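If you read the sequence shown in my numbering, its first letter stands for residue 23, the second for the next number, and so on.
A short worksheet on the structure shown next.
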Amino acid sequence: MNSEIVESFAQMVREKGIDKDILAGIVEDVFSMMVRKKYGQDAKFDVVVNMDKGDIEIFLEREVVETVENPATQIDRETAKELSGEDLDVGEDYVEVVPLVTFGRRLVVSAKQNLNQRIKEIERELMFNEYNNTVGDIIVGEIYQIRRNEILINHNRNELILPKAEQIFKERYKKGDTIRAAVKEVRKNNGNPAVIVSRADPMFLSKLFEMEIPEIYDGIIEIKRIAREPGERAKVAVESHDDRIDAVGACVGMKGVRIHTIVRELNNENIDVINYADVPELFIARALAPAKLKGVEVDKDARTANVLVASDQVSLAIGRNGQNIRLASKLTGYEINLIKEGGDEDDYDIELVDFKPELGAELYDKLINAGLETAKDVLNATMDSLLAIEGLDEARIKEIRDMIRRDLEEAEVEDEEEQVEPGKPIATATPDDLPPGGVSAPRPAPAAGATDQAQPAPGDGGKNS
Numbered sequence: 023m024n025s026e027i028v029e030s031f032a033q034m035v036r037e038k039g040i041d042k043d044i045l046a047g048i049v050e051d052v053f054s055m056m057v058r059k060k061y062g063q064d065a066k067f068d069v070v071v072n073m074d075k076g077d078i079e080i081f082l083e084r085e086v087v088e089t090v091e092n093p094a095t096q097i098d099r100e101t102a103k104e105l106s107g108e109d110l111d112v113g114e115d116y117v118e119v120v121p122l123v124t125f126g127r128r129l130v131v132s133a134k135q136n137l138n139q140r141i142k143e144i145e146r147e148l149m150f151n152e153y154n155n156t157v158g159d160i161i162v163g164e165i166y167q168i169r170r171n172e173i174l175i176n177h178n179r180n181e182l183i184l185p186k187a188e189q190i191f192k193e194r195y196k197k198g199d200t201i202r203a204a205v206k207e208v209r210k211n212n213g214n215p216a217v218i219v220s221r222a223d224p225m226f227l228s229k230l231f232e233m234e235i236p237e238i239y240d241g242i243i244e245i246k247r248i249a250r251e252p253g254e255r256a257k258v259a260v261e262s263h264d265d266r267i268d269a270v271g272a273c274v275g276m277k278g279v280r281i282h283t284i285v286r287e288l289n290n291e292n293i294d295v296i297n298y299a300d301v302p303e304l305f306i307a308r309a310l311a312p313a314k315l316k317g318v319e320v321d322k323d324a325r326t327a328n329v330l331v332a333s334d335q336v337s338l339a340i341g342r343n344g345q346n347i348r349l350a351s352k353l354t355g356y357e358i359n360l361i362k363e364g365g366d367e368d369d370y371d372i373e374l375v376d377f378k379p380e381l382g383a384e385l386y387d388k389l390i391n392a393g394l395e396t397a398k399d400v401l402n403a404t405m406d407s408l409l410a411i412e413g414l415d416e417a418r419i420k421e422i423r424d425m426i427r428r429d430l431e432e433a434e435v436e437d438e439e440e441q442v443e444p445g446k447p448i449a450t451a452t453p454d455d456l457p458p459g460g461v462s463a464p465r466p467a468p469a470a471g472a473t474d475q476a477q478p479a480p481g482d483g484g485k486n487s
């Protein structure tokens with residue numbers, strides 16, 4: 023019976039990773055409790071557990087007396103001689119091995135329950151330490167249950183939680199799918215620790231780049247800041263610690279080859295990579311790419327910046343639904359006030375990346391490769407040049423142009439309705455405008471990249487998509 027018990031414990035050591043010495047200590051404590059319940063708190067005993075040999079022995083020590091007053095601590099001479107075969111004198115100690123069967127079924131069941139409880143506590147502590155030491159790292163698990171507000175993931179036989187707020191909203195998940203996510207937080211509960219993982223947090227993007235870009239992993243390139251709207255767009259500021267290496271180019275790779283894996287992992291999220299700058303004016307100008315700015319005035323104390331742009335650059339600076347200026351504000355940490363330069367010219371335009379969901383990633387890449395980077399570029403292109411693009415015919419070109427023209431007209435109407443006095447801000451974004459978790463503070467971590475087609479950003483060689 024003893025060897026069976028120890029073998030079951032040895033199996034726990036192998037399967038659950040519980041330290042052998044810790045488990046032996048738990049077994050000693052549990053069997054000590056059994057002895058005290060049977061013989062009382064004054065009983066003198068030793069519990070010896072040998073995990074290697076598979077032995078559990080309980081030695082009960084009692085004093086030899088003429089008349090027994092306390093059977094738990096005393097034994098008469100006749101009984102001691104009968105059990106040991108030795109003639110012991112009064113006052114000597116008699117030590118006997120207590121078989122487990124003498125404890126009775128009730129005590130054994132109680133001990134088993136206590137043992138299971140202690141082992142569960144150890145397992146919880148081991149699980150907490152395991153994941154608490156890997157916060158920020160990427161895990162690969164399998165989806166085994168999809169609930170209304172969360173997804174449960176099986177990872178090394180442990181249950182991890184992917185809350186709705188930490189999911190990329192455009193993604194659709196199925197039971198049995200393999201999923202990658204970053205460990206964001208580990209909370210202690212009454213039961214097992216709650217391990218929260220995320221695909222929407224900037225650190226997930228950061229770790230993806232650390233995995234895909236060796237220069238980031240080696241510390242040659244540093245991720246300074248990340249601002250992100252998960253599933254839509256992200257801006258990443260990078261800095262090289264080696265003058266011979268272009269940080270943006272290394273992140274993007276030849277023809278965007280390095281970034282492709284990350285973009286696909288993030289459900290075709292557009293990623294802009296820019297060079298970090300300590301000078302706020304330059305950093306803000308780079309963050310607002312692809313818009314070309316006329317000037318930037320910064321108030322460092324108030325953390326505000328007035329940005330002057332030409333009328334034809336307003337839509338590019340703001341972006342669809344204000345996304346570009348919002349991300350730039352969060353990335354730089356400045357409140358950005360966009361001021362349109364005076365003049366009669368009002369050549370309104372929209373960056374082509376804003377139409378990527380409607381065009382599809384493949385057609386969008388082909389248009390960019392053909393040098394068509396904005397809505398006006400597509401509308402002004404000749405029919406022959408568009409027909410030369412694989413997959414386009416006259417009907418599809420007309421459909422695309424009608425869609426772009428309609429969006430442009432709606433944007434121009436909104437712009438006219440929101441006319442402001444010359445010199446007044448036409449748009450303002452603050453670092454707080456982005457949803458929580460959409461930005462990372464400066465840190466020497468991984469991440470960043472651009473999408474499939476790289477374009478120079480104003481004045482820095484940054485690249486975006």
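Just so you know, even glycine gets a beta-carbon here, dropped at the ideal spot from N, CA and C.
None of the values given here were measured: they were computed from a predicted structure.
> In this structure, what does DSSP give as the bridge partners for V258?
Replying inline: Locating residue 258 in the sequence shown gives position 236, counting from the first residue. DSSP lists I248 and V295 as partners of V258.
>> Can you tell me whether K42 is helix, strand or coil according to DSSP?
In response: The residue given as residue 42 occupies position 20 in the sequence shown. Looking at K42 - three-state DSSP - the assignment turns out to be helix.
>> If distances are taken between C-alpha atoms only, which option among E188, V57 and V336 comes closest to S132?
In response: Within the sequence shown, the letter at position 110 stands for residue 132. Ranking the options by Cα distance to S132, first place goes to V57.
> Where DSSP assigns a beta bridge to L82, which residues make up the other side?
Replying inline: Position 60 of the sequence shown, counted from the start, is the residue given in the question as residue 82. Partner(s): F67 and E118.
>> Let me check understanding here. Comparing Cα to Cα, which of E152, M425 and V320 lies closest to N328?
In response: For the purposes of this step, residue 328 is taken as residue 306 along the sequence shown, with counting starting at 1. For N328, the nearest C-alpha among the options comes from V320.
>> Only counting the same chain, and skipping five residues up and downstream in sequence, which positions put a Cβ closer than 7 Å to that of Q96?
In response: Locating residue 96 in the sequence shown gives position 74, counting from the first residue. Counting only residues of its own chain and dropping the five nearest sequence neighbours on each side, Q96 has a CB closer than 7 Å to the CB of R84, E85, V87 and V90.
> I think D354 touches I390, with their Cβ atoms under 8 Å apart; what is that distance to the nearest whole Å?
Replying inline: For the purposes of this step, residue 354 is taken as residue 332 along the sequence shown, with counting starting at 1. For the purposes of this step, residue 390 is taken as residue 368 along the sequence shown, with counting starting at 1. The sequence given here places Thr at residue 354; Asp does not occur at that position. Contact flag wrong, Cβ pair sits at about 26 Å.
>> Taking 8 Å as the threshold (C-beta atoms), are I218 and K206 in contact?
In response: To locate residue 206, count along the sequence shown from 1; it is residue 184. To locate residue 218, count along the sequence shown from 1; it is residue 196. Contact: yes.
>> Here's the rule I'm using: 16 or more other beta-carbon atoms within 10 Å means buried, otherwise exposed. How should E384 be labelled?
In response: Position 362 of the sequence shown, counted from the first residue, corresponds to residue 384. With fewer than 16 Cβ atoms within 10 Å of its Cβ, E384 is classed as exposed.
> Exposed or buried, which one is K246 when buried takes at least 16 other CB atoms within 10 Å?
Replying inline: Locating residue 246 in the sequence shown gives position 224, where the first residue counts as 1. For K246, the number of other beta carbons within 10 angstroms of its own is at least 16, and it is reported as buried.
> Cα-Cα, which of K352, M225, Y166 and K186 is closest to E172?
Replying inline: As a first step, residue 172 is located in the sequence shown; it is residue number 150 there, counting from the start. Comparing Cα-Cα distances from E172 to each of K352, M225, Y166 and K186, the minimum goes to K186.
>> Just verifying my parser: in three-state terms, what is the DSSP assignment at E188?
In response: Walking along the sequence shown from the start, residue 188 turns up at place 166. Helix at E188.
> Start and end of the alpha helix (DSSP H) containing H282?
Replying inline: Counted from its first residue, the sequence shown places residue 282 at position 260. In the DSSP assignment, H282 falls within the unbroken alpha helix (DSSP H) covering V279 to E287.
>> Using a 10 Å radius around the Cβ and a threshold of 16 neighbouring Cβ atoms, would you call M225 buried or exposed?
In response: The count along the sequence shown starts at 1 and reaches residue 225 at position 203. Flag for M225 reads buried.
> Helix or strand or just coil, what does DSSP make of I495?
Replying inline: Because residue 495 is not part of the residues shown, which for the chain are 23 to 487, the question remains open.
> If you check the beta carbons only, do N491 and V274 fall under 8 Å apart?
Replying inline: The structure shown does not extend to residue 491, since the chain is modelled only from 23 to 487, so the question has no answer here.
> Based on the DSSP secondary-structure assignment, which residues constitute the bridge partners of N136?
Replying inline: Residue 136 sits at position 114 when you count from the first residue of the sequence shown. Paired residues: none, contrary to the question.
> N151: which of N214, G107, I160 and V52 sits nearest, CA to CA?
Replying inline: As a working mapping, residue 151 is identified with position 129 in the sequence shown. Comparing Cα positions, the closest option is N214.
> So, helix, strand or coil for A102, using DSSP?
Replying inline: Here residue 102 refers to the residue found at position 80 of the sequence shown. A102: helix per DSSP, three-state reduction.
> With distances taken between CB atoms, is the gap from I78 to V49 smaller than 8 Å?
Replying inline: As a first step, residue 78 is located in the sequence shown; it is residue number 56 there, counting from the start. As a first step, residue 49 is located in the sequence shown; it is residue number 27 there, counting from the start. Yes. Within cutoff.
> If you compare alpha carbons, which of N289, S351 and R325 is closest to R308?
Replying inline: Start at 1 with the first residue of the sequence shown, and residue 308 comes out as number 286. Out of N289, S351 and R325, S351 has the C-alpha closest to the C-alpha of R308.
> Of all the beta strand (DSSP E) runs that stay within the bounds of the segment 193 to 225, which reach a length of 3 or more residues?
Replying inline: 200 to 209 and 216 to 220, all fully within the segment 193 to 225.
> Looking at the unbroken alpha helix (DSSP H) that takes in E303, where does it start and where does it end?
Replying inline: Working through the sequence shown from its first residue, we reach residue 303 at position 281. Taken as a continuous stretch (DSSP letters only), the alpha helix (DSSP H) holding E303 covers P302 to A309.
> By how many angstroms is the C-alpha of K134 removed from the C-alpha of N290?
Replying inline: To locate residue 290, count along the sequence shown from 1; it is residue 268. To locate residue 134, count along the sequence shown from 1; it is residue 112. Answer to the nearest angstrom: the Cα atoms are 53 Å apart.
> Can you name the start and end residues of the beta strand (DSSP E) that A350 belongs to?
Replying inline: As a first step, residue 350 must be located in the sequence shown, where it is residue number 328. A350 -> not in any beta strand (DSSP E); alpha helix (DSSP H) instead, spanning Q345 to T354.
> Hey, Y61 and A94 are a contact pair by Cβ (cut 8 Å); roughly how many whole angstroms apart?
Replying inline: What you label residue 61 is simply residue 39 of the sequence shown in a count that begins at 1. What you label residue 94 is simply residue 72 of the sequence shown in a count that begins at 1. So it is a contact: roughly 4 Å between Cβ atoms.
> Considering only C-alpha positions, which residue in the set E100, V119 and A102 is nearest to D68?
Replying inline: The count along the sequence shown starts at 1 and reaches residue 68 at position 46. Minimum Cα distance to D68 is reached at V119.
>> Since G344 and L330 should fall inside the 8 Å C-beta cutoff, what is the C-beta to C-beta distance between them, to a whole number of angstroms?
In response: As a position in the sequence shown, residue 344 is number 322, starting the count at 1. As a position in the sequence shown, residue 330 is number 308, starting the count at 1. Actually they do not touch by this definition, with Cβ atoms about 18 Å apart.
> Which residue's Cα is closest to the Cα of I411: A392, E421, Y166 and L105?
Replying inline: As a position in the sequence shown, residue 411 is number 389, starting the count at 1. Nearest option by C-alpha distance: A392.
>> For L182, list the residues DSSP reports as bridge partners.
In response: The residue labelled residue 182 in the question sits at position 160 within the sequence shown. I175 and V217.
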